[in-house]
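This report concerns only the one structure given below.
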Amino acid sequence: METNTDDALQPIAGVTDPGITRWLWEIRRNPSPPCREMGADALRAASAARAATRLPGPEMWEVTQRKTPHGPEVRMYYPVDPAQHKLPAVIYLHGGGFVIGSLDSYDAICRRLAREAQAVVVSLDYKLAPEHLIIEPLEDAQSAYSWLKNNLSRFGCDASAGISFAGDSAGGMLAILAGLILGKKRKPLNSILAVYPNADATLSFPSVHEKSRGWGLDLDDMSWFLEQSHPAEASRLTSFDPLALELRGLPTTMVVTDEHDILRDEGLALVERLRAQDVTTQHLHYEGLVHGFLGLTDISEQAASASREIFTTFGELLRRNVALER
Numbered sequence: 001m002e003t004n005t006d007d008a009l010q011p012i013a014g015v016t017d018p019g020i021t022r023w024l025w026e027i028r029r030n031p032s033p034p035c036r037e038m039g040a041d042a043l044r045a046a047s048a049a050r051a052a053t054r055l056p057g058p059e060m061w062e063v064t065q066r067k068t069p070h071g072p073e074v075r076m077y078y079p080v081d082p083a084q085h086k087l088p089a090v091i092y093l094h095g096g097g098f099v100i101g102s103l104d105s106y107d108a109i110c111r112r113l114a115r116e117a118q119a120v121v122v123s124l125d126y127k128l129a130p131e132h133l134i135i136e137p138l139e140d141a142q143s144a145y146s147w148l149k150n151n152l153s154r155f156g157c158d159a160s161a162g163i164s165f166a167g168d169s170a171g172g173m174l175a176i177l178a179g180l181i182l183g184k185k186r187k188p189l190n191s192i193l194a195v196y197p198n199a200d201a202t203l204s205f206p207s208v209h210e211k212s213r214g215w216g217l218d219l220d221d222m223s224w225f226l227e228q229s230h231p232a233e234a235s236r237l238t239s240f241d242p243l244a245l246e247l248r249g250l251p252t253t254m255v256v257t258d259e260h261d262i263l264r265d266e267g268l269a270l271v272e273r274l275r276a277q278d279v280t281t282q283h284l285h286y287e288g289l290v291h292g293f294l295g296l297t298d299i300s301e302q303a304a305s306a307s308r309e310i311f312t313t314f315g316e317l318l319r320r321n322v323a324l325e326r
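Put into structure tokens, the structure is as follows:
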């Protein structure tokens, strides 16, 4: 990690965007306390405070909030009038290390996804750790899928397009794991979008150490997140590890990785494993960006441009899969 206390805008090797440069120097000069010292409640309060300072996302035709039969709430984003245009449905599983993240903190991201992908985005307020281990948000994702599947037409979605999952970071892991579970139950998805996903619960790839501190997601914090969300027994840990599982049978999967990210190498390994197991795979990689860049579009044009490309490309993928099925 490079450090400097004299000039907050001094260049950082491998970073060209001035907004990302400024953001990195800020977190390096004023680092937050470690997550294990703050605890879940303080982290959630800090996350909510940061979200309140962000610019709102694009206007939608309609945003509605509903409670699913099994408990978790969803927020549904309609970029256009569903009476005039039936769009594919995407369930969004937010990031936050399985511990933080909410409907409000991901509101702007879900609005951008809905607009750029031209999809009805269903943001899921799944159960969080440490109160709930990873199996419970996976159950939330499955129950949300079943509920939405039974109501696609009633909710103004394109029933012929089926349902897709999208998620970032921890949400990317959940999207892949839930897709595997649903596939085994013969409940297919249209496709999956996993943005800088956590794919290796053992944190054993080189980038974990190369980017361990000062790039937005520190190794000690990531380790703590997994301690909160995953079962302690090593044998059970790997059962929730995408890189330790048979991935054959997943739907078309789009994986996004970025350069300055402790999860970079496991994301690249996930792409290789998906392709080796005959999963139709699309991969976008962004040099110069950092973990969590979907939430940095207010300050970085590079992050904003990447976000637009990711969501637009995913929208094209949704429609291509529908056309192939027809």
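Heads up, the sequence shown is in this note's numbering, so the first residue is 1 and it goes up one at a time. Built from N, CA and C at the ideal position, the CB exists for glycine as well. Computed from a predicted structure; not experimentally measured.
Please report the residue range of the beta strand (DSSP E) in which Y78 lies. E73 to Y78
Q) Leaving out five residues before and five after I310 in sequence, what residues of the same chain have Cβ atoms less than 7 angstroms from its Cβ? A) V195, V256 and L284
_Identity of the residue in A83, S204, Q228 and A117 nearest T312 by Cα_ = A117
*asked:* For I109 and G295, I'd like the C-alpha separation in whole angstroms.
replied: 7 angstroms
query = Where does F165 sit, in a helix, a strand or coil, going by DSSP?
reply = strand
Which residue comes first and which comes last in the alpha helix (DSSP H) that contains A184?
First, the residue type needs correcting, since residue 184 is Lys and not Ala in the sequence shown. Residues A170 to K184.
_Considering Cα atoms alone, identify which of A159, L113, V121 and A175 is closest to L138._
A175
task: Starting from the Cα of N321, find the closest Cα among A303, G172 and M254 and give me that residue.
output: M254
- prompt: Candidates L128, G162, L9 and P56: which alpha carbon is nearest K86's?
  reply: G162
Check the Cβ-Cβ distances between T53 and every residue of chain C, and say whether any is below 8 angstroms. Protein chains in the displayed structure number just one, and chain C is not present.
Grouping DSSP H, G and I as helix and E and B as strand, with all else coil, what is S223? helix
### Query
Bridge partners of L294, per DSSP?
Beta-bridge pairing links L294 to no other residue.
**Request:** Determine contact between the segment 195-211 and the segment 255-271, defined as no fewer than three beta-carbon pairs at a distance below 8 angstroms.
**Result:** yes
ask   = What residues match up with Y286 in a beta bridge as DSSP calls it?
value = D258
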